[in-house]
Amino acid sequence: MKKTCLYAATLSAILFGTTALAADVMEEEPNQPIYNAQALSVDIEMAVYAVLGDIGGGNTTDLDFYSFYGQADDVVTVDIDGGMGGAQSVDTVIAIFGPGPYYQMLRLNDDATSIDPGSTHRFDSRIDNFHLPATGRYYVGVSNYPRYFQNGGVVTNATRGASGDYTLVITGVSPDVQMIDIEVKPGNHEWAPINPKSRGKIPVAILSTGSFDARNVDLTTLTFGSTGDEASLSHCGKSNQDFNNDGRLDVMCHFNNQDASFNYSDIEGILRGATTDGTRIEGRAPLKMVPQKQQ
Ligand SMILES: [Ca+2]
Ligand SMILES: [Ca+2]
Ligand SMILES: [Ca+2]
Ligand SMILES: [Ca+2]
Numbered sequence: 018m019k020k021t022c023l024y025a026a027t028l029s030a031i032l033f034g035t036t037a038l039a040a041d042v043m044e045e046e047p048n049q050p051i052y053n054a055q056a057l058s059v060d061i062e063m064a065v066y067a068v069l070g071d072i073g074g075g076n077t078t079d080l081d082f083y084s085f086y087g088q089a090d091d092v093v094t095v096d097i098d099g100g101m102g103g104a105q106s107v108d109t110v111i112a113i114f115g116p117g118p119y120y121q122m123l124r125l126n127d128d129a130t131s132i133d134p135g136s137t138h139r140f141d142s143r144i145d146n147f148h149l150p151a152t153g154r155y156y157v158g159v160s161n162y163p164r165y166f167q168n169g170g171v172v173t174n175a176t177r178g179a180s181g182d183y184t185l186v187i188t189g190v191s192p193d194v195q196m197i198d199i200e201v202k203p204g205n206h207e208w209a210p211i212n213p214k215s216r217g218k219i220p221v222a223i224l225s226t227g228s229f230d231a232r233n234v235d236l237t238t239l240t241f242g243s244t245g246d247e248a249s250l251s252h253c254g255k256s257n258q259d260f261n262n263d264g265r266l267d268v269m270c271h272f273n274n275q276d277a278s279f280n281y282s283d284i285e286g287i288l289r290g291a292t293t294d295g296t297r298i299e300g301r302a303p304l305k306m307v308p309q310k311q312q
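To convert, take the position in the sequence shown, counting from 1, and add 17; that gives our numbering.
Okay, here's the thing in structure tokens:
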């Protein structure tokens, strides 16, 4: 294992120079069968350093599965680099599968149709521009010739593939966004009235739920307004209160109305940010623009 780590670091340096991808990770066995896939947090691009079987080993029954959460219409590329020509060459086979329990195979590739910068041989597999049909969790399987994937993540010729190391590179996946509950001007019990011309501040309550603790929000990341990307934060409350009486402590933040850039046609306010562990969050609340005064 140690040898693998050292090799991966070296490979990373060769492939990516001094600017290794931020999300690089090592394979974590056991990552098969498919329902034991290693969950990846793919943020636009990431690389996984892995070995089918053992370096120096013979034929293997090892299969490697990974999963990632993608958004509908993401255009994803799944690429093997360094399968041929690494510490031990392996002729890889890859496939993309849909969610369980059926794990329908959506795409399969043995050999790439062209050689990309991370590969020295077409035997390194590559799936280009796979359009995710829906938002959800997808699975990537890595195997070796002649063990071809089938639906459910099983393979043909199960015992005949040779060992070897490879790098799996996944690109094009939108970062995961957790939808959260917010309330603009809490206590209104109806759509919050907003006057786009006002020079005041807009209070927004970030509500905790059973699956989300608002106190984990990195307050410095918050943006709020017409598109959700407005840098309009004024300040957040020092002490947390339970604004919707569900027994959970919420967080109140105040945003500058002018910087939120609302238009008279807007019907919702959008809050975006991230938690302290880096999960992106988004909350939306219906708004009612106060009628524009007739001149
Ligand atoms: Ca493996
Ligand atoms: Ca494995
Ligand atoms: Ca490649
Ligand atoms: Ca191949």
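Even for Gly, the Cβ is constructed at its ideal location relative to N, Cα and C. Since the structure is predicted, the reported quantities are computational estimates derived from the model, not experimental observations.
Listed in chain order, the non-local C-beta contacts of Thr293 below 7 Å within the same chain comprise Asn233 and Asp235, local neighbours out to five positions each way being set aside. Straight through space, the alpha carbons of Leu304 and Ser282 are spaced by roughly 10 Å.
Taking the Cα positions, Asn273 is about 13 Å away from Lys202. With distances taken between CA atoms, Glu44 lies nearest to Ala64 out of Val59, Ala64 and Ile51. Taking a cut-off of 8 Å for Cβ pairs, the segment 85–103 and the segment 140–147 touch, as three or more such pairs fall below it.
In terms of side-chain proximity, the C-beta atom of Val110 is found nearer than 7 Å to a non-hydrogen atom of ligand 4.
Taking the C-beta atoms as reference points, Val93 is found nearer than 8 Å to Gly189. Your pair Ala222 and Asp267 checks out as a contact, with CB atoms roughly 5 Å apart and the cut at 8 Å. In this structure Gly181 is in contact with Val107, their Cβ atoms being roughly 2 Å apart against a cut-off of 8 Å.
DSSP, reduced to helix, strand and coil, places Ile51 within a helical segment of the structure shown.
The beta-carbon separation of Asp90 and Leu185, rounded to 22 Å, does not stay under the 8 Å limit for a contact.
Distance from the CA of Pro192 to the CA of Val42, rounded to the nearest whole angstrom, comes to 16 Å. Going by beta carbons, Thr176 and Thr78 fall inside the 8 Å limit.
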